[in-house]
Amino acid sequence: MVMPTYIFLILKNPVLFSQIGCLLTSRFTFILAAVGSAVGLGNIWRFPYIMGQNGGAIFLIVYLVLILTICFIPLFAELAVGKITKKECIGAYESINPKFKFLGFLNPLTGILISSFYFIVGGWIIDYIYLSIADTKIADYGDYFGFFTQNSVSACAFTLIFLLMCILFTARGVKKGIEFANYVLMPLFAVILVCLIIFSLNLPNAKLGLEYMFKPDFSKINAQMFLAALGQALFTLSIGMGALLTYGSYIKEDKNITKSTYTIIFSDTLFALMAGIMIFPAIFSFGLEPSSGAGLVFITIPQIFAQIPHGNIVSAAFFILLLAAAITSGISIIEVPIASMVERWKLTRGKACLILFCIISVFSIPATLSFGILSGFKILDKNIFDFLDFITSSVLMPINALFLCIIAGWFLKIRGEHFIQNKIIAKLFDIGLKYVVPIILIALLYIGLK
Ligand code: PFF
Numbered sequence: 019m020v021m022p023t024y025i026f027l028i029l030k031n032p033v034l035f036s037q038i039g040c041l042l043t044s045r046f047t048f049i050l051a052a053v054g055s056a057v058g059l060g061n062i063w064r065f066p067y068i069m070g071q072n073g074g075a076i077f078l079i080v081y082l083v084l085i086l087t088i089c090f091i092p093l094f095a096e097l098a099v100g101k102i103t104k105k106e107c108i109g110a111y112e113s114i115n116p117k118f119k120f121l122g123f124l125n126p127l128t129g130i131l132i133s134s135f136y137f138i139v140g141g142w143i144i145d146y147i148y149l150s151i152a153d154t155k156i157a158d159y160g161d162y163f164g165f166f167t168q169n170s171v172s173a174c175a176f177t178l179i180f181l182l183m184c185i186l187f188t189a190r191g192v193k194k195g196i197e198f199a200n201y202v203l204m205p206l207f208a209v210i211l212v213c214l215i216i217f218s219l220n221l222p223n224a225k226l227g228l229e230y231m232f233k234p235d236f237s238k239i240n241a242q243m244f245l246a247a248l249g250q251a252l253f254t255l256s257i258g259m260g261a262l263l264t265y266g267s268y269i270k271e272d273k274n275i276t277k278s279t280y281t282i283i284f285s286d287t288l289f290a291l292m293a294g295i296m297i298f299p300a301i302f303s304f305g306l307e308p309s310s311g312a313g314l315v316f317i318t319i320p321q322i323f324a325q326i327p328h329g330n331i332v333s334a335a336f337f338i339l340l341l342a343a344a345i346t347s348g349i350s351i352i353e354v355p356i357a358s359m360v361e362r363w364k365l366t367r368g369k370a371c372l373i374l375f376c377i378i379s380v381f382s383i384p385a386t387l388s389f390g391i392l393s394g395f396k397i398l399d400k401n402i403f404d405f406l407d408f409i410t411s412s413v414l415m416p417i418n419a420l421f422l423c424i425i426a427g428w429f430l431k432i433r434g435e436h437f438i439q440n441k442i443i444a445k446l447f448d449i450g451l452k453y454v455v456p457i458i459l460i461a462l463l464y465i466g467l468k
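Each residue of the sequence shown is one higher than the one before, starting from 19 at the first, in our numbering.
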């Protein structure tokens, strides 16, 4: 019998554990870390604003269909490639075939570009925590979000503080931090979201927000909306930039990744839906515009807190818990280039973190300034921040996911029967991985970018 390629790879490659890797070997910790990577700003900040820009309920339907029918396949495949090759991103693709090394580089590059805008939003959170603790009613400031993001010095400072926090957590090893954030803080975050949902649903005109979210308007269908939904699905599940591959490479042989895949999808979708149900009723109640862009959540939420007795305390708690969720995702983004630098180029973790801090700063400072002094600078009609967001989630992540499926299905020959007990589902998985998902990804990229 011919030995499947992946068994050969397992035998050939030594197990490479980095600092985080040693800590992710227990399945429970691994799932916590993977869920921590998925649940973050993508759910609370990005999901409502992308949905608001793409027609509400109709976007939600396409998004959910993509998650349930398509995205679980590359998610599973990414974990499997990591688990099988036991290497960081570049080494993983190179070990399958040296010709695929370029893809290994494309993944951390995508991660660096994502960091350049993700860490800016992390900075906004820190600012809102500061204001909440200082007992400042953000809502009283009118367009505080506009005012704050235009202030170049403070916006850059907060971006760098968030970046530094993630880098320090990563540099110092994060087992306790990841476990605490995901095991204790994530459920607390869910509780605070449920309380805010109840409050939001009782606001005047809340019904309009629910209709916007759940009553589809089919006239809003367009090609870009499909690509935006795909981009959001990949972004929120952390697929297509090597984060899950890197975490997957730390899993021990006997661990079942099928269950992990379901857990990641379930928890991530739950948090996104909760964020939507909290935000949209409030948007309509306060007469705000759902399509107002990246600031949507940061403009809307202070208005909710302004109506709650002791709103500042609730606001501080909300943003602190959101910060924890953002940090566990931020760590997973930077872990990809760090794992490559440590395992491939044998840098110490500290040095790798320092180099990455400098690289991400170079990209994220102009992106931060795109709300202020660089606001006139446009690429493809978008400011630098929006351009980075678009190019990563709607172009690079789908391309990475496409290559991932092709390589996993055709070259690494990952087969459902090795992971999934139900024979029919296993067969469907194979067809999805080899044919259906690549074709759909190509089609969505084509119609969305045409
Ligand atoms: N999924 C994260 C979120 O929703 O906030 C963001 C993210 C993490 C994207 C890791 C990509 C990634 F590799």
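The C-beta atom is built at its ideal place from N, Cα and C for all residues, glycine as well. Computed from a predicted structure; not experimentally measured.
Cα-Cα separation between residue i and residue j, rounded to whole angstroms
i: S285; j: T346; result: 15 Å
i: P469; j: L182; result: Nothing can be reported for residue 469, as the shown portion of the chain is limited to 19 through 468.
i: G164; j: G109; result: 43 Å
i: I402; j: S133; result: 13 Å
i: N223; j: M359; result: 52 Å
i: I257; j: E229; result: 30 Å
i: F408; j: F65; result: 14 Å
i: I185; j: L127; result: 17 Å
i: S172; j: I138; result: 11 Å
i: G329; j: G140; result: 21 Å
i: L255; j: Y136; result: 15 Å
i: A343; j: G58; result: 5 Å
i: L149; j: L221; result: 24 Å
i: K155; j: I179; result: 23 Å
i: K468; j: L392; result: 28 Å
i: E361; j: K101; result: 16 Å
Neighbour-count burial assignment, residue i, 16 or more Cβ in a 10 Å radius
i: V455; result: buried
i: G368; result: exposed
i: A95; result: buried
i: W142; result: buried
i: L93; result: buried
i: Q439; result: exposed
i: W63; result: buried
i: Y13; result: Limits of the chain in this structure are 19 at one end and 468 at the other, which puts residue 13 out of reach.
i: F395; result: exposed
i: I442; result: exposed
i: P308; result: buried
Close Cβ partners of residue i (< 7 Å) along its chain, the five nearest in sequence each way excluded
i: I322; result: L214, F217, S218, A300
i: Q168; result: F389, G390
i: T188; result: I349, I352, E353, I356, C371
i: L206; result: L339
i: Q325; result: none
i: D448; result: R433, G434
i: L306; result: I317, T318
i: I147; result: A334, F337, I338, L341
i: I130; result: P355, I377, I378, F381
i: L398; result: F405
i: A52; result: L262, Y265, S278, I282
i: A419; result: P92, L252, I257, G258, L459
i: A290; result: N61, F65, T254
i: F120; result: none
Member of the options whose CA lies at the smallest distance from the CA of residue i
i: I317; options: L451, H328, F304, A173; result: F304
i: L263; options: Y111, P66, F429; result: Y111
i: G260; options: P320, V212, T410; result: T410
i: K105; options: L422, I91, G122, S172; result: G122
i: N61; options: S278, T177, A247; result: A247
i: Q71; options: L50, M231, T87, Y201; result: M231
i: I49; options: I275, N125, L149; result: I275
i: S507; options: A241, A208, I373, G100; result: Any answer about residue 507 is impossible in this case: the structure gives the chain only from 19 up to 468.
i: G74; options: A208, I88, I297, L288; result: I297
i: I417; options: A461, F375, L374, K441; result: A461
i: Y268; options: Y453, Y67, V99; result: V99
i: T287; options: F302, L365, Q250; result: Q250
i: T103; options: L463, K431, V83; result: K431
The ligand NAP heavy atom lying under 8 Å from the CB of residue i
i: I143; result: The model on display carries the ligand PFF but not the ligand NAP.
Cβ neighbours of residue i in the same chain (closer than 8 Å, five flanking residues each side left out)
i: I76; result: P234, D235, F236, K238, I239, M243
i: F118; result: Y111, E112, F421, I425, F429
i: I210; result: V332, A335, F336, L339
i: A199; result: G54, A342, A343, I345, T346
i: I458; result: I88
i: I373; result: M359, L365
i: A444; result: R433, G434, E435, F437, I438
Expected contact under 8 Å - CB spacing of residue i and residue j to nearest Å
i: S55; j: Y265; result: 7 Å
i: M69; j: L252; result: No, M69 and L252 are not in contact; Cβ-Cβ is about 15 Å, not under 8 Å.
i: G466; j: L245; result: 3 Å
i: F302; j: G227; result: 4 Å
9 Å Cβ cutoff, residue i in contact with chain D
i: I269; result: This model lacks chain D altogether; it includes just one protein chain.
Spatial neighbours of residue i in its chain, beta-carbon cut-off 6 Å, leaving aside the 5 residues before and after
i: K452; result: G427
i: D153; result: N330
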